[in-house]
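K.L.:
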Amino acid sequence: MQKIFRPSPKSFKNTFCVFQELPLSSLKALTVQYASKSGSSYYYTKLGMYRLSNHWGRLANSKWRLESMEPESDSKTKLGFAPWPQFYPDNAVEELYYLEMNYGKNTVNYQHKNNPEYDGKAILRTSFETTKKIKQIRNLLNLTSWAKYYEYDDLDVLRKEIIDELIFTTKTLEEIKREFV
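Residue numbers (our numbering): 46 to 226.
1) Within 10 angstroms of its Cβ, does residue 63 collect 16 or more other Cβ (buried), or is it exposed?
2) Who pairs with residue 60 in a beta bridge, going by DSSP?
3) Apart from the five residues on each side of it in sequence, which residues of its chain come closer than 8 Å, Cβ to Cβ, to residue 123?
4) Considering residue 124, what are the terminal residues of the beta strand (DSSP E) in which it resides?
5) In angstroms with no decimal places, state the Cα-to-Cα distance between residue 87 and residue 117.
6) For the stretch 140-155 and the stretch 124-131, state whether three or more C-beta atom pairs, one from each stretch, are separated by less than 8 Å.
7) Could you tell me the alpha carbon to alpha carbon distance between residue 137 and residue 176, rounded to whole angstroms?
8) Three Cβ pairs or more, each shorter than 8 Å: is that satisfied between the stretch 195-205 and the stretch 153-172?
9) How is the alpha helix (DSSP H) around residue 202 delimited, first residue to last?
10) How would you call residue 46, buried or exposed, if buried means at least 16 neighbouring beta carbons within 10 angstroms?
11) CA-CA distance, residue 211 and residue 221?
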């Protein structure tokens, strides 16, 4: 009989992790090892964790995000997998996060500095500062009222220039906007 792999529940506290969505059929050979009060199911393997849930994001004392499949599944309940080495430490005081912009999809997200894809160019920020910058960038992407104070030929180019300054410098949004007037 094969021994069940079960990590310590404390190993997930204060962590950041990005799960990759998988088809629900990936669960066929797995057995639920933990079911939370909120309805999420957890499956542990030696390679990593599978999580079946209808909610992602901030979880008690951790930040777990799900990267959706392409094309996105219709189901509200989604299965995600993350390898153990991709559970990174999280806290409110250290500058652990950087912003990542996807101009093709017009989306912004945050990543952990321990992500092997981090090239050191984007500014590292605390959780609070990161959240603030994400909100500012989403407003720049979704609203147009701020742009009436600027002369520009292409609003998307202006947006990109301002957003890049937010991501790659320590300047405030107000300082950046003054430079573009």
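Even for Gly, the Cβ is constructed at its ideal location relative to N, Cα and C.
P.N.:
Result, derived from the coordinates:
1) buried
2) 134
3) 66, 97, 98, 99, 101, 111 and 113
4) 123-128
5) Spanning the two alpha carbons is a distance of roughly 22 Å.
6) no
7) 11 Å
8) no
9) 200-213
10) Legend: pLDDT at residue 46 = 41, less than 50; position of this residue unreliable, no value from coordinates given.
11) 8 Å
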